[in-house]
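Take a look at the structure set out below.
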Amino acid sequence: MKVIKKKKRHPNPNLAKIHYSYTVEEVAGLFDVCRATVRNWIKQGLPTISDIRPTLIPGQDLRAFLQARRVKNKRKCQLGEMYCFKCRAPKAPAIGMVDYEPKTATMGNLIGMCPDCGTIMNRRASLAKMEQFRGHLDITLPLPQQHIVYCTKPSVDCNFRRSVKTWQNTIPTTNE
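Dropping the structure here:
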């Protein structure tokens with residue numbers, strides 16, 4: 001059975017040694033990407049030593065380039081925003097409405113819907129900071145579950161008080 005390895009979206013920049021120069025093929029093998037991907041990185045601004053073959057890429061520049069790409073893609077959500085994974089952007093939920101789903105005694109998830117694509121968005125939030133979110137979002141908190149309580153007046157069709165003998169006497173017999 002062939003094992004399919006899932007490729008990572010962002011290569012780890014720390015794999016590149018800063019005092020070493022790499023060829024395109026070595027970079028592709030190091031980060032498990034295609035050589036065309038490395039050539040696209042060069043077109044996007046990855047510095048090379050010279051234009052002659054083989055193209056050499058300094059390790060220090062490779063590491064800096066990959067770290068800059070990681071930082072560029074990170075986006076911090078503001079107080080009234082949640083991150084939509086489908087749109088890949090922080091957005092305010094549709095109509096500004098979210099539900100709070102408790103996970104522990106102090107933490108829970110805010111669940112909202114993306115206004116553009118309709119995808120469910122989640123954001124972790126603590127109960128202590130819930131008032132800060134209320135200024136930006138309309139939060140629906142879950143109602144506490146009602147517990148079963150003893151009722152002094154049973155319902156009309158309740159047969160709990162009948163004894164077993166009385167119950168057995170009401171069962172019709174088929175003796176002829």
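In our numbering, the protein residues as written are 1 to 176.
Every residue gets a Cβ at the ideal spot worked out from N, C-alpha and C, and that includes glycine.
Predicted model, so just to flag it, every value in this text is computed and none were measured.
Legend entry - C-alpha distance - leucine 15 paired with phenylalanine 31, whole-angstrom precision: 8 Å
Inset, instruction - Take the Cβ of phenylalanine 65 as the centre, count every other Cβ of all protein chains shown within 10 Å, and call the residue buried at 16 or more, exposed below. - result: buried
Inset, instruction - Can you tell me which of the three DSSP states alanine 186 falls into? - result: Nothing can be reported for residue 186: it is not among the residues displayed for the chain, which extend from 1 to 176.
Inset, instruction - Could you spell out where the alpha helix (DSSP H) holding glycine 29 opens and where it closes? - result: 24 to 31
Inset, instruction - Have a look at lysine 180 and leucine 62 and give me their C-alpha separation to the nearest angstrom. - result: Because the chain spans 1 through 176 in this model, residue 180 falls outside it and cannot be assessed.
Inset, instruction - Thinking valine 27 and isoleucine 49 are a contact (beta carbons under 8 Å), I'd like their distance in whole angstroms, please. - result: That belief does not hold up - the Cβ atoms of valine 27 and isoleucine 49 are roughly 13 Å apart, past 8 Å.
Legend entry - Separation of aspartate 138 from leucine 110, as counted between CA atoms: 11 Å
Inset, instruction - Could you spell out the range, first to last residue, of the alpha helix (DSSP H) harbouring alanine 36? - result: Residue range 35 to 43 is occupied by the alpha helix (DSSP H) that includes alanine 36.
Inset, instruction - Note down the Cα distance separating isoleucine 42 from alanine 94, rounded to an integer number of angstroms. - result: 40 Å
Inset, instruction - Would you list the one or two residues that DSSP bridges to methionine 130? - result: Looking at the DSSP assignment, methionine 130 forms no beta bridge with any residue, so it has no partner.
Inset, instruction - Starting from alanine 89, follow the beta strand (DSSP E) in both directions and report where the run begins and ends. - result: Per DSSP, alanine 89 belongs to the beta strand (DSSP E) from 89 to 91.
Inset, instruction - Look at lysine 74 and threonine 119 and say whether their C-beta atoms are less than 8 Å apart. - result: no
Inset, instruction - Tell whether a beta-carbon distance below 8 Å holds between glutamine 60 and isoleucine 18. - result: yes
Legend entry - Per DSSP, the bridge partner or partners of proline 58: Ser21
Legend entry - Enclosing beta strand (DSSP E) for asparagine 109 [first to last residue]: Its beta strand (DSSP E) spans residues 107 to 113.
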